[in-house]
Amino acid sequence: MKMGSIQSFLLFIAFLASHLQAHAAAPLTKVIMTSGSASERDGAVYVAQDQGFFRKHGVDLSFVQVRNGPVAMSALSSGETQFHWGSVSGANLGAIAEGADLVFVAGFINRLSGMFVANPKIKTPADLKGKSLGVNSLSGGGWIFSMLMLDYWGLVPERDKIQFRTLGEQAVMAQGVLNGTVDASFLGYTFGKMLEGKGFSVLADSEKLPIPYQGSGLIARRSFVTSSPAAVDSVLRALLDSVAFIRNPDNKSHVTKSLAKALRFRRIEDAEDGYRTMVNLYDRKIYPSVDGIRNVIRLLGANNEKIRRLKAEELIDDSAVRRMEKEGRF
Numbered sequence: 002m003k004m005g006s007i008q009s010f011l012l013f014i015a016f017l018a019s020h021l022q023a024h025a026a027a028p029l030t031k032v033i034m035t036s037g038s039a040s041e042r043d044g045a046v047y048v049a050q051d052q053g054f055f056r057k058h059g060v061d062l063s064f065v066q067v068r069n070g071p072v073a074m075s076a077l078s079s080g081e082t083q084f085h086w087g088s089v090s091g092a093n094l095g096a097i098a099e100g101a102d103l104v105f106v107a108g109f110i111n112r113l114s115g116m117f118v119a120n121p122k123i124k125t126p127a128d129l130k131g132k133s134l135g136v137n138s139l140s141g142g143g144w145i146f147s148m149l150m151l152d153y154w155g156l157v158p159e160r161d162k163i164q165f166r167t168l169g170e171q172a173v174m175a176q177g178v179l180n181g182t183v184d185a186s187f188l189g190y191t192f193g194k195m196l197e198g199k200g201f202s203v204l205a206d207s208e209k210l211p212i213p214y215q216g217s218g219l220i221a222r223r224s225f226v227t228s229s230p231a232a233v234d235s236v237l238r239a240l241l242d243s244v245a246f247i248r249n250p251d252n253k254s255h256v257t258k259s260l261a262k263a264l265r266f267r268r269i270e271d272a273e274d275g276y277r278t279m280v281n282l283y284d285r286k287i288y289p290s291v292d293g294i295r296n297v298i299r300l301l302g303a304n305n306e307k308i309r310r311l312k313a314e315e316l317i318d319d320s321a322v323r324r325m326e327k328e329g330r331f
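Going by my numbering, the sequence shown opens with residue 2, and the numbers climb by one from there.
Laid out in structure tokens, this is it:
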């Protein structure tokens with residue numbers, strides 16, 4: 002090889018090494034995602050963290066469980082956090098109605114998902130009259146789940162003297178039903194199946210009912226979605242990788258372990274029911290549900306003029322989801 006060729010080759014190698022080193026040293030994008038619940042519905046996030054899918058796609062994601070929806074929406078609106086994993090609720094619709102720059106970015110579960118579980122003495126929805134229901138907060142997802150179920154059954158809390166009691170996360174709500182603190186609660190399948198096994202009444206499996214709903218997915222500031230499309234895309238790629246991992250039966254032990262750890266179960270076997278639900282829980286196409294958002298606007302708008310004026314189609318930015326579909330990720 003001639004001297005000039007050798008020099009050119011060495012320069013190329015030096016350039017390539019420098020490029021690879023710079024690429025390897027590229028810092029991860031730090032983002033914070035909140036959730037107001039802890040159930041199998043959040044499983045895609047648990048697994049993505051445990052399997053390193055966020056870091057694989059260049060994201061250092063912190064997943065923070067907050068007390069309730071209003072706290073999460075306040076942090077998101079102020080820019081303290083970048084994403085919220087949750088469903089359409091009074092908290093986010095209320096925030097948007099008051100001018101918050103929030104949109105639904107993706108819908109991983111576009112339906113109600115869970116069980117309405119009650120004291121064994123309660124046999125029918127009509128028996129809920131005069132009873133108490135446990136919820137995570139009075140504007141969050143769990144409350145909306147309950148309100149939609151009551152609406153479907155033709156029950157009105159004020160008229161039928163149905164009271165709500167704020168208990169907190171799913172584990173506490175389940176314990177509240179178990180020890181009689183409340184008469185009933187809408188629970189995820191992991192905790193719902195546990196109570197069913199102890200003889201408690203299951204008034205409904207919500208997935209079998211024709212109730213339009215925007216369930217668990219990503220919510221973000223519209224301005225963030227516009228200014229940081231790479232970060233949004235990276236988070237969606239990680240979550241889609243996680244869903245694919247969950248659906249693969251070879252990964253059952255890893256998925257069950259992640260769920261048990263997140264729900265603080267002492268035994269991994271206690272997460273088995275949740276795992277079986279997770280396998281078919283997430284939608285193939287992750288576009289947000291306009292009909293699902295519109296249904297909640299209808300429900301809450303009856304007593305709130307600002308929410309009633311909201312247009313469901315204007316609360317969605319599915320640009321990142323369209324990019325994911327174009328990439329062939331679903």
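Glycine included, C-beta positions come from ideal geometry on N, C-alpha and C. A quick note: this is a predicted structure, and the numbers were derived from the prediction, not measured.
With the cut-off set at 7 Å, would you say residue i and residue j are in Cβ contact?
{"i": "S147", "j": "F192", "result": "no"}
{"i": "D318", "j": "V60", "result": "no"}
{"i": "G189", "j": "V183", "result": "no"}
{"i": "E197", "j": "S114", "result": "no"}
{"i": "R112", "j": "Y276", "result": "no"}
{"i": "A27", "j": "F117", "result": "no"}
{"i": "A313", "j": "R330", "result": "no"}
{"i": "G44", "j": "M195", "result": "no"}
{"i": "I110", "j": "G216", "result": "yes"}
{"i": "S88", "j": "G142", "result": "yes"}
{"i": "G108", "j": "S290", "result": "yes"}
{"i": "I163", "j": "S90", "result": "no"}
{"i": "V65", "j": "L219", "result": "no"}
{"i": "A272", "j": "L260", "result": "yes"}
Kindly indicate the opening and closing residues of the beta strand (DSSP E) around residue i.
{"i": "S133", "result": "S133 to V136"}
{"i": "R222", "result": "G218 to R222"}
{"i": "I1", "result": "The shown model of the chain, from 2 to 331, leaves out residue 1, and the question about it has no answer."}
{"i": "G87", "result": "F84 to G87"}
Quick check: does the Cβ of residue i come within less than 6 Å of any heavy atom belonging to the ligand SAM?
{"i": "G44", "result": "The ligand SAM is absent from the structure shown, which contains no ligand whatsoever."}
Thinking just about the alpha-carbon of each residue, which of the options is nearest to the one in residue i?
{"i": "V244", "options": "V233, D234 and V256", "result": "V256"}
{"i": "R265", "options": "I33, Y47 and V32", "result": "Y47"}
{"i": "I298", "options": "D61, A73, S140 and G177", "result": "S140"}
{"i": "S235", "options": "G87, R324, R267 and L282", "result": "R324"}
{"i": "R248", "options": "L237, V173 and D284", "result": "D284"}
{"i": "S40", "options": "V106, N252, K162 and N137", "result": "N137"}
{"i": "T30", "options": "A232, L219 and S259", "result": "A232"}
{"i": "T35", "options": "D51, Q52 and E81", "result": "E81"}
{"i": "N252", "options": "R42, G37, E159 and Q52", "result": "Q52"}
{"i": "I212", "options": "E273, A261, G293 and I269", "result": "G293"}
{"i": "L179", "options": "G155, P121, D161 and W154", "result": "P121"}
{"i": "A175", "options": "W154, L282 and A119", "result": "A119"}
Excluding the 5 residues flanking residue i on each side, which residues of the same chain have their C-beta closer than 6 Å to its C-beta?
{"i": "G302", "result": "I308 and R309"}
{"i": "R166", "result": "S133, G135 and V183"}
{"i": "V72", "result": "none"}
{"i": "L241", "result": "R330"}
{"i": "Q22", "result": "Interpretation of Q22 is limited by its pLDDT of 49, a score under 50 that renders its predicted location unreliable; no figure is taken from the coordinates."}
Determine the extent of the alpha helix (DSSP H) in which residue i is found, giving its start and end residues.
{"i": "D242", "result": "P230 to R248"}
{"i": "K199", "result": "Counting along the chain, K199 falls outside any alpha helix (DSSP H), and DSSP gives it neither H nor E."}
{"i": "F54", "result": "F54 to K57"}
{"i": "V280", "result": "E273 to V280"}
{"i": "Q50", "result": "G44 to D51"}
On the criterion of 16 or more Cβ atoms from any shown chain inside 10 Å, does residue i qualify as buried, or is it exposed?
{"i": "E328", "result": "exposed"}
{"i": "Q83", "result": "buried"}
{"i": "A92", "result": "buried"}
{"i": "G70", "result": "buried"}
{"i": "A221", "result": "buried"}
{"i": "V322", "result": "buried"}
{"i": "V226", "result": "buried"}
{"i": "L316", "result": "buried"}
{"i": "V1", "result": "No statement about residue 1 is possible, as the shown extent of the chain runs from 2 to 331 and does not include it."}
{"i": "Q171", "result": "buried"}
{"i": "T125", "result": "exposed"}
{"i": "S127", "result": "The residue you asked about is not Ser; residue 127 is Ala in the sequence shown. Result: exposed."}
{"i": "G200", "result": "exposed"}
{"i": "V67", "result": "buried"}
{"i": "S228", "result": "exposed"}
{"i": "R42", "result": "buried"}
Leaving out the 5 sequence neighbours to the left and right, which residues in its chain are closer than 8 Å to residue i when beta-carbon positions are compared?
{"i": "A239", "result": "A49, F54, F55, K57, H58, V60 and L62"}
{"i": "A98", "result": "N305, K307, I308, R310 and L311"}
{"i": "R223", "result": "D102, L103, V104 and D318"}
{"i": "S320", "result": "V226 and P230"}
{"i": "I123", "result": "L129, K132, D184, A185, S202 and L204"}
{"i": "E326", "result": "K286"}
So, at 7 Å on beta carbons, what are the nonlocal neighbours of residue i in its own chain, with the 5 sequence-adjacent residues on each side left out?
{"i": "V96", "result": "Note on identity: in this sequence residue 96 is Ala, with Val being the wrong assignment. Closer than 7 Å at the Cβ level, and outside the excluded window around A96, lie M74, S78 and L103."}
{"i": "L300", "result": "M148, L149 and D152"}
{"i": "K286", "result": "F331"}
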